Ligand code: DGL
């Protein structure tokens, strides 16, 4: 952000995107850590889920999402989607430069390695697990660390449907997915999908208190705070940040469900077509 007036950059929004509503769990953590920051959120609900698509398609979607957010001159972009982080972090960093990009995978891998000397478990979407992004991020920090990975494709639709921790279907499906992890007893388990914090009660019940659960949104929020502080770009306001959302389909449903995911009210929800994500930059101000 060289050459820009630092005061205006401090007041610029943080751009956040996800395939849908899940990234609002990251917004919840950002708000808890930095309540004065304005947040501009894009949920690509027309194309959710990303987690069953090829890495090539996810990369294309992620670049379009970030391109849309760049039109609002954010001071930093958060890839609030593990699947997009797994598929496209390097491409996003190159495309957004000089705006910094914070993904959810590297901060979570670092938090998990710091939390235990034992094996690290990872639960995530099919695409995230198949990409090996978590395994690579963990072994880049500690080459000897054992990583136990489990794809959990049914969890995203279950959470989207509004089912909660004590629902028998949730416990049944999770019981099946977590069986190997329960047997191998990792020291920490990364909730490698932004939907999973909504099932933290059930996951913790099934894994037991000895397993530290790592929320990828929490790790990313702390990384955002660290980077903004280091660059002296934190908004001086302590509270009262605005949350403005764009969604590519069904804005009414997004508005209805947003508080359950984000833990806060949303100041506005507007529709944007996926065709508009590909359109040349328009000038818009928060
Ligand atoms: N939000 C995505 C993630 O964190 C999961 C939803 C999807 O598959 O699009 O991986």
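In my numbering, the protein residues as written are 381 to 666.
Heads up, the beta-carbon is just placed ideally off N, CA and C, and yes, glycines get one too.
Note that the structure is a prediction, hence the values are computed from the model and not measured.
Exercise for the section: Report the residue from 393, 647, 512, 490 whose alpha carbon sits nearest the alpha carbon of residue 463. Expected result: Position 83 of the chain shown, counting from 1, holds the residue named residue 463. Nearest option by C-alpha distance: 512.
Practice task
Counting only the same chain and skipping the five closest in sequence on each side, list residues whose C-beta sits under 6 Å from that of residue 534.
Solution key: Here residue 534 refers to the residue found at position 154 of the chain shown. Closer than 6 Å at Cβ, skipping near neighbours: 553.
Handout entry: Residue burial classification, residue 392 (beta-carbon count within 10 angstroms, cutoff 16)
Key = Within the chain shown, the letter at position 12 stands for residue 392. Its Cβ being crowded by 16 or more others within 10 Å, residue 392 is buried.
Handout entry: Length at least 4, wholly inside the stretch 429 to 508: the alpha helix (DSSP H) runs in chain order
Key = 435 to 450, 462 to 476, 485 to 495
Handout entry: Closer than 7 Å: residue 504 CB and nearest the ligand DGL heavy atom
Key = In the chain shown, counting from the first residue as 1, residue 504 sits at position 124. Checking every heavy atom of the ligand DGL against the Cβ of residue 504, one is found closer than 7 Å.
Problem - Cβ shell of residue 577 (< 7 Å), same chain only, five flanking positions each side left out - result: By 1-based counting over the chain shown, the position of residue 577 is 197. The answer, listed in chain order, is 405, 571, 595, 597.
Exercise for the section: Locate the beta strand (DSSP E) running through residue 568, then write down its first and last residues. Expected result: Along the chain shown, read from residue 1 onward, the residue named residue 568 stands at position 188. First-last of the beta strand (DSSP E) with residue 568: 568 to 572.
Handout entry: Endpoints, beta strand (DSSP E) assigned at residue 423
Key = Taking the chain shown and counting its residues from 1, the one referred to as residue 423 is at position 43. That run of the beta strand (DSSP E) goes 419 to 423.
Exercise for the section: Keeping to the same chain, check which residues put their C-beta closer than 6 Å to that of residue 657; ignore five residues upstream and five downstream. Expected result: Taking the chain shown and counting its residues from 1, the one referred to as residue 657 is at position 277. Excluding positions up to five away in sequence, the list reads 444, 448.
Practice task
Check whether the Cβ of residue 398 sits closer than 7 Å to any heavy atom of the ligand DGL, and report yes or no.
Solution key: Position 18 of the chain shown holds residue 398. Yes, Cβ of residue 398 sits closer than 7 Å to a heavy atom of the ligand DGL.
Handout entry: Pick from 481, 621, 431 that is closest to residue 408, judged by C-alpha positions
Key = Looking up residue 408 in the chain shown gives position 28. Nearest C-alpha to residue 408: 621.
Problem - Three-state secondary structure (DSSP) of residue 389 - result: Counting from 1 along the chain shown, the entry for residue 389 is found at position 9. In this structure, residue 389 counts as helix in the three-state DSSP scheme.
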